[in-house]
Structure formats: C-alpha cells, structure tokens
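**Q**
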Amino acid sequence: MTDSAPRSHSARPSAIAWPTGVSRPRFGVWAPVWGPFATRHYPGDPFDASWDLNRRYVIEAERLGFDATLVAQHNLNPNGDDLDHLEAWTGAAALAAVTERIEIIAAIKPYLFHPVFLAKMASQIAEISGGRFAINLVNAWYKPELERAGVEFADHDERYAYGTEWLSVVTRLLAGERVRHEGRYFRISDYVLRPADPAHTPRVYLGGESAPARDLAASSADAWFINGQPLDVVAGLISDVRGRPRERQPLDFGLSAFVIARETEAQALAELDRFWKLTEADAADLANLVANADPKAVMFHTFERYPHIGTNGGTAAGLVGSYDQVAQRILEFGDLGIELFMLQFQPAETEMARFARHVLPRVAAAIGASPARSPELVAAATGTATDEV
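Numbering (the working numbering), first residue to last: 358 to 746.
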C-alpha cells in the first residue's frame, strides 16, 4: 500500500501479489448505488440499486484485491426520481461493518448536513471500519435534490465558500479539537466529539474541477478526484493544482474511469460500439439530467468535449482496449501522479472480475520494471524539465 492508504484492522492481504519496495497505484470501484453505470438497457443486467447488490459487490471487490469503494450520495436518483438509489451514509456504515480491508469513501454534499452532526457520523463510521473510512466532498450539481426539499440551491461559487467553511469545522472536530467557531455560515460554541482518534482521522477526497474546487483541493483535501479525461488533459489538471498554495503534505490524485477490457482491441471497441447503441435508449433521461444540473458545473462542459460511456468521464479516460493496452494506460496515468483509479464496470460483477483477473496482474508485473511511459506528460504534470525525468 502507499503511505496514504487507510489503516486496516485486519491482516487479510490483497489478492494481488504487488511488488515490494516500490509505490503502486490503488484501485477502487464505484458502488452501484444508483444502478447500472452506463445504461439501463444492457441485456441480462437489470436495474438494481439494492443494499444486497452493493454489499455483495463491495465484498467481492475486496476479495479480488481492490483497495477502495466510492459510495456516491444522492437523495434522488439523477436518472429519474422514480428509480431507487441507496442512501450513501447508512450504506457506508453497513459496508464498513461487513468488510475488513477495503477503504470506504462516502460522498457528502455540505448543504444536506450540518458539519457538527456530519462529523459525528463520520467519526462513528471510522470507528466501525477500524480506520478505513474517508469523506468525498462534492458541492452539489443536481438542483432538484435540494430545491424540492426547500433547500436553496446557491450559486456555484457560494456553494464552494459554504463548503470551505463547512469542511474546516468537520476536520477540526474529527481531529479531536474543542471547536469554537464564528464564521459566515456557522456559529459553534465549545463543541467536542468523543470518541476521537486524531492519529487516524478520515481522509478527505474532493471532487470538482472549477477554480474554487481546485483551490479547495489544494488547500484542504488529502486527495483530488479528477473525472475521466485524456492523458494530456489530466496532466494539465494535475500541474495546475500542484501549483496552487498548499501548506500540508503533498496532495494525492484519483481518476474516475469506465473500463472496457478484452483480449483484443477489436473486441473492446466492438463492446464500446455496443454501449453507444444501447445508450440511445437513455437519451431522454440524460437530457433531463443535464437540464436539471447547475449550468456552471464544469464537469458537464467537460463532458461535451469528451463524449463517453459511464459517468464522471467514464471511457474518456481511455481505459478501453486489450488487457495490455488498458494496463499500459493505467501505468501512464500513474506516471503523472494518479494514486487511485476509481473504476466503473458493466455488467458490474462480471467485468470487475475480468479486470481483476486480466488487467491487475499485468499492472503488477510492470510496476518497477520500466521507466516513465510518457516523459513529456510526466514533465508537464510535475513541473520538471523533460530531460530530468
């Protein structure tokens, strides 16, 4: 594991024989809390967002050697409010209780929970998990979720100002501090949470690619999640955030991606083409989702530039191809500084197992065996001259 990996309360090892003495990327899976990741029309893969599926899927991910799972938070399913959606924080607590090694990352929208009460929930799940719990701060983009509940959907930059103050309160409470806070949004008098474990507070992942999101990631997060995009774009994003003010240990980087891996590139591209045809039936749902999204949310403008299958950039990250090609692209992203790959598959259980069986061993075999795959992009991401790589 990397130095930033979560503490485990179990001696159970990863199923993959990773080389010792070298850093290596971590691999996570999105929990299927809103159902299938790409389309509701894939043959033999019916809609399912149940606790039973999520429990089974995350336990199997742990058994296969995955390091983390991301539990997305929505009260309403963005694909349609008549569709099921597993609640993130009760689901994360339950997952923490039935797993042993895998990191549980629960997304949170600050406007939905007062920071004092959210911090208590996070502290308790961290204890249940034995130190494997983390927070993914997202400042909301789906307007009906708040507006229909009578909660104001504030302007984009206002939400980030709120989220910045909210996070400062949460992290201080999780660190065991007795908090006295007089701010723009919160007034807190002599509040302390027990039990507390300051040595193992939940990590903070931050999602969002706007300028305020990048500033908040650089100043206050432990890791920044990037939506799936081409290699050169990701290199530029990493370089930008690394150049912003930070007074903490170096920031880690995660990348979301939808994987289509097959024995040959032709087979993978045929499956990609199949997905494009199947998603035609989802066009109305997607149009409704976009119509209800914050028009200032950067990710939707990014998605227009990079069409993709899956969510959060999906196949735009380029993890589509033969097993060797997908492993190679992972190594290239790793060279840029991507520490955690948060992956989507469909059908979820079948394709997750395929990735673990065919791609993870190829990545493990290559770790430490070759120099940087894309020296120019590495230089761009790290701010070093190419001839120094």
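From the three backbone atoms N, C-alpha and C, an ideal C-beta is built for every residue, glycine too.
Mind the definition here: the stretch 689-707 touches the stretch 587-607 only if three or more C-beta pairs lie below 8 Å; say whether that holds.
**A** Counting Cβ pairs under 8 Å, three or more are found: they touch.
**Q** Distance check for Glu504 and Asp597, CA to CA, integer angstroms please.
**A** Distance between the alpha carbons of Asp597 and Glu504 is about 33 Å.
**Q** Leaving aside the five residues before and after Phe610 along the sequence, list all residues of the same chain whose C-beta is less than 7 Å from its C-beta, in chain order.
**A** Excluding positions up to five away in sequence, the list reads Ala580, Trp581, Ile583, Ile595, Gly694, Ile695, Glu696.
**Q** Confirm, please, whether the CB-CB distance from Arg381 to Trp375 is below 8 Å.
**A** Against a cut-off of 8 Å, the Cβ pair of Arg381 and Trp375 comes out as a contact.
**Q** Under DSSP, the beta strand (DSSP E) around Gly678 begins and ends at which residues?
**A** Run containing Gly678: 677-679, per the beta strand (DSSP E) assignment.
**Q** Got a sec, what are the start and stop residues for the beta strand (DSSP E) Asn493 sits in?
**A** Where Asn493 is concerned, the enclosing beta strand (DSSP E) stretches over 490-494.
**Q** Grouping DSSP H, G and I as helix and E and B as strand, with all else coil, what is His471?
**A** His471 falls in the coil class under three-state DSSP.
**Q** In chain order, which continuous runs of the beta strand (DSSP E) of length 3 or greater are located wholly inside the stretch 583-665?
**A** With a minimum length of 3 residues, the continuous beta strand (DSSP E) runs that stay inside the stretch 583-665 are 609-615, 617-619.
**Q** On a CA-only basis, which of Tyr519, Gly401, Gln701, Pro569 is nearest Gly675? Give me that one, please.
**A** Nearest C-alpha to Gly675: Gln701.
**Q** According to the Cβ coordinates, are Gln628 and Tyr680 closer than 8 Å?
**A** One point to set straight first is that residue 628 is Glu, not Gln, in the sequence displayed. For Glu628 and Tyr680, no; Cβs fall outside 8 Å.
**Q** Could you check where the alpha helix (DSSP H) with Arg516 kicks off and where it finishes?
**A** Per DSSP, Arg516 belongs to the alpha helix (DSSP H) from 513-531.
**Q** Return the Cβ separation of Asp547 and Arg535 in integer angstroms, given the expectation that the two are a contact with Cβ distance under 8 Å.
**A** At roughly 6 Å, the Cβ-Cβ gap stays under 8 Å, so Asp547 and Arg535 are in contact.
**Q** Taking just the CA atoms, how far does Glu708 sit from Ala406?
**A** Roughly 17 Å between the two C-alpha positions.
**Q** Looking at C-beta atoms only, is the number of pairs between the stretch 419-429 and the stretch 450-463 that lie closer than 8 Å three or more?
**A** Counting Cβ pairs under 8 Å, three or more are found: they touch.
**Q** If we require 4 or more residues per run, which alpha helix (DSSP H) segments fall completely within the stretch 399-424?
**A** Correct list: 408-421.
**Q** Would you tell me roughly how many angstroms separate the C-alpha atoms of Ala445 and Ala722, rounded to the nearest one?
**A** About 35 Å.
**Q** Near Pro559, what residues of its chain come up, given a Cβ to Cβ distance below 7 Å and the 5 sequence neighbours on each side ignored?
**A** Around Pro559: Ala479, Ala483, Phe490, Ala491, Ile492, Leu531.
**Q** Please report the straight-line C-alpha distance between Asn436 and Ala654, rounded to a whole angstrom.
**A** The straight-line gap from Cα to Cα measures roughly 17 Å.
**Q** DSSP on Leu440, reduced to helix/strand/coil?
**A** The answer is coil: DSSP assigns Leu440 none of H, G, I, E or B.
**Q** What number of angstroms, rounded off, separates the C-alpha of Arg571 from the C-alpha of Thr659?
**A** Taking the straight line from one Cα to the other gives about 15 Å.
**Q** Specify the secondary structure class of Val386 as computed by DSSP and reduced to three states.
**A** Val386 falls in the strand class under three-state DSSP.
**Q** Return the bridge partner residues of Gly564 from the DSSP annotation.
**A** Phe582.
**Q** Quick check: the Cα distance between Leu452 and Gly422, rounded to an integer number of angstroms?
**A** If I take the Cα positions, the gap works out to 16 Å.
**Q** If I measure Cβ to Cβ from Glu419 and keep anything under 6 Å in the same chain, skipping five residues before and after, which residues do I get?
**A** Here the set comprises Thr456, Arg458, Ile459.
**Q** Rounded to whole angstroms, what's the CA-CA distance from Arg568 to Gly448? Just pull it up for me.
**A** Note that residue 568 is Ala in the sequence shown, not Arg. Distance between the alpha carbons of Ala568 and Gly448: 31 Å.
**Q** DSSP state of Glu509, grouped into three classes?
**A** Of the three classes helix, strand and coil, the one that applies to Glu509 here is coil, per DSSP.
**Q** Buried or exposed: which applies to Ala368, given that a residue is buried once 16 or more other Cβ atoms fall within 10 Å of its Cβ?
**A** Reliability of the predicted coordinates at Ala368 is poor, the pLDDT of 38 falling under 50, and no value is obtained from them.
**Q** DSSP state of Ile724, grouped into three classes?
**A** Residue state, collapsed to three classes: coil.
**Q** Grab the span of the alpha helix (DSSP H) containing Leu697 for me, first residue to last.
**A** Unbroken run through Leu697 is the beta strand (DSSP E), 695-701; no alpha helix (DSSP H).
**Q** In whole angstroms, give me the CA-to-CA distance for Gln624 and Pro552.
**A** One C-alpha to the other measures close to 53 Å.
**Q** Looking at the unbroken alpha helix (DSSP H) that takes in His715, where does it start and where does it end?
**A** Looking at the DSSP string, the run of the alpha helix (DSSP H) that includes His715 is 705-715.
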